[in-house]
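Residue numbers (the working numbering): 156 to 274.
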């Protein structure tokens with residue numbers, strides 16, 4: 156038991172390099188089929204060195220992303236824009252995984268909302 160207690164700090168996931176400035180799950184406004192909806196996630200660099208978004212993976216082909224490729228200086232803010240374009244009506248919940256260069260693990264962001272057939 157003592158060994159487990161001593162190892163606990165090493166088993167905890169490391170803090171990420173950034174702080175997201177909004178919830179990791181956001182509900183977007185209702186939209187219609189084939190009318191894209193966009194949201195911009197903002198983050199602040201919490202490290203002592205510049206951070207760069209290295210890769211972004213989306214959960215489906217209906218989701219696209221854009222991000223700044225320049226390094227974000229310590230204490231400064233960066234952003235990632237997510238666009239969802241539905242081809243069917245109904246509720247959606249889609250994820251985006253964000254990877255930062257030199258840091259293990261992904262930050263998982265979610266967008267959700269409702270798509271209607273016609274305006």
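Each residue gets a CB set at the ideal place from its N, CA and C atoms; glycine is no exception. Keep in mind it's a predicted model, so treat the numbers as computed, not measured.
Report task. Evaluate residue 274 with the Cβ neighbour count: other Cβ atoms within 10 Å of its Cβ, from every protein chain shown; 16 or more gives buried, anything less gives exposed. Result -> The sequence position of residue 274 within the chain shown is 119, counting from 1. Its Cβ having fewer than 16 others within 10 Å, residue 274 is exposed.
Query raised in the report: Enumerated in chain order, which unbroken segments of the alpha helix (DSSP H) with a length of 4 residues or greater are wholly contained in the segment 172 to 250?
Result: If we require 4 residues or more, the segment 172 to 250 turns out to have no alpha helix (DSSP H) run fully inside it.
**Report entry** Alpha carbon of residue 270 to alpha carbon of residue 203, nearest angstrom
**Finding:** Here residue 270 refers to the residue found at position 115 when the chain shown is read from its first residue. Here residue 203 refers to the residue found at position 48 when the chain shown is read from its first residue. Going from the Cα of residue 270 to the Cα of residue 203 covers about 42 Å.
Query - Nearest-angstrom beta carbon gap, residue 200 and residue 231 [assumed within contact, 8 Å] - result: For the purposes of this step, residue 231 is taken as the residue at position 76 of the chain shown. For the purposes of this step, residue 200 is taken as the residue at position 45 of the chain shown. Going by Cβ atoms, the distance from residue 231 to residue 200 rounds to 6 Å, so yes, they are a contact pair.
**Report entry** Residues near residue 242 by beta carbon distance below 8 Å, same chain, minus five either side
**Finding:** Along the chain shown, one-based indexing puts residue 242 at 87. Close CB contacts of residue 242 within its chain, under the 8 Å cut and outside five residues either way in sequence, are with 188, 189, 217 (chain order).
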